[in-house]
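Below is one structure, written out as structure tokens; the observations come after it.
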Amino acid sequence: TEPSGVKDEL
Amino acid sequence: MNIFRFLGDMTHLISILILLLKIYATKSCSGISLKTQELYALVFLTRYLDLFTDFISVYNTVMKLVFIASSLAIVWCMRNHPLVRRSYDKQLDTFRHYFLLLASFLLALLLHEKFAFQEVLWAFSIYLEAVAILPQLVLLQRSGNVDNLTGQYVFFLGAYRALYIFNWIYRYFIDPHFTRWIACVSGLVQTALYADFFYYYFISWKNNAKLQLPA
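Taken in sequence, the protein lines are chains A and B. In this text, residue positions in the first sequence follow the working numbering: the first is 12, and each later residue adds one. In this text, residue positions in the second sequence follow the working numbering: the first is 23, and each later residue adds one.
Here is the structure:
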């Protein structure tokens, strides 16, 4: 996961 | 998705369902802080802007929509429903939540992953969620007596945060690229705020007594 990649948590 | 993350999402969902049940079944929102609920609605609205830009999974999208819709419905009921609004403990819900908004926004301007509109609002939503429970905890402390459903609501909300910490520990070992420091540190702070409540919750559970918080 890249630092400013897609955020998969809610 | 690991089991801790899934259970965390489920306890979050359960907490919201308990709150909706309380409002629907008793037509009362006594013991519930409107300020906390408004902050949560703002948290979801600012964090889930990625609904328009990123697709992660059906699960992810549905949960986001459920959280946005339910938080707006709760705020609407507490403000506008003729019976529910009468039960609102306005004189006890005096926490100055504008300070939380301002502090979270300033922190988001300073600490973010990238200086971009969506990224700053995402950081803002993380900081705001960490402290949004404060008006609710203060209201409960002021009223002393906590009714059963309100106690369960706060308990499940705290359980959701605790499970997310286990989720991060798990991810830290499984996925070496997982670095989400803003969320993890804020999450630790947020969970710590529940420590006092958890303590009295377990005492009342152990003694099979009604939940009471010291004045």
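Positions of the beta carbon are idealized from the N, C-alpha and C atoms, including for glycine.
Beta-bridge pairing of residue i - partner residues as DSSP gives them
i: ASN167/B; result: GLN234/B
Neighbour list for residue i in chain A, Cβ cutoff strictly below 8 Å
i: ARG27/B; result: GLU20
i: ASN82/B; result: ASP19 and LEU21
i: ASP31/B; result: LEU21
i: TRP144/B; result: LYS18
Residue i versus residue j - alpha carbon distance
i: TYR182/B; j: LEU105/B; result: 30 Å
i: GLU13/A; j: PRO198/B; result: At GLU13/A the pLDDT is 46, less than 50, meaning the model places this residue with poor confidence; the figure from the coordinates comes in the next sentence. In a straight line, the C-alpha of GLU13/A is about 11 Å away from that of PRO198/B.
i: LEU215/B; j: LEU156/B; result: 8 Å
i: ALA231/B; j: ARG118/B; result: 32 Å
i: GLY209/B; j: PHE26/B; result: 14 Å
i: PHE74/B; j: ALA138/B; result: 15 Å
i: TYR120/B; j: GLN59/B; result: 13 Å
i: ILE187/B; j: ASN24/B; result: 12 Å
i: LYS18/A; j: ILE204/B; result: 12 Å
i: LYS49/B; j: LEU56/B; result: 15 Å
i: VAL168/B; j: GLN113/B; result: 16 Å
i: GLU11/A; j: GLY173/B; result: Because chain A spans 12 through 21 in this model, residue 11/A falls outside it and cannot be assessed.
i: TYR81/B; j: LEU29/B; result: 14 Å
i: TYR110/B; j: VAL211/B; result: 28 Å
i: LEU42/B; j: LEU71/B; result: 24 Å
i: ARG202/B; j: ARG108/B; result: 42 Å
i: VAL84/B; j: ILE90/B; result: 10 Å
Proximal chain A residues relative to residue i, where beta-carbon distance stays under 9 Å
i: ALA205/B; result: LYS18 and GLU20
i: ASP169/B; result: Near ASP169/B there are no residues of chain A at all, since even the closest Cβ is about 28 Å away, more than 9 Å.
Under 7 Å by beta carbon: chain A residues contacting residue i
i: MET85/B; result: LEU21
i: ILE78/B; result: VAL17 and ASP19
i: ASP72/B; result: LYS18
Whole alpha helix (DSSP H) runs in the segment 97-155 of chain B with 4 or more residues, listed along the chain?
119-132 and 139-153
Given 8 Å, three or more beta-carbon pairs between the segment 91-98 of chain B and the segment 61-71 of chain B:
yes
Mind the definition here: the segment 124-142 of chain B touches the segment 157-165 of chain B only if three or more C-beta pairs lie below 8 Å; say whether that holds.
no
Hey, is the segment 70-87 of chain B in contact with the segment 164-172 of chain B, meaning 3+ C-beta pairs nearer than 8 Å?
no
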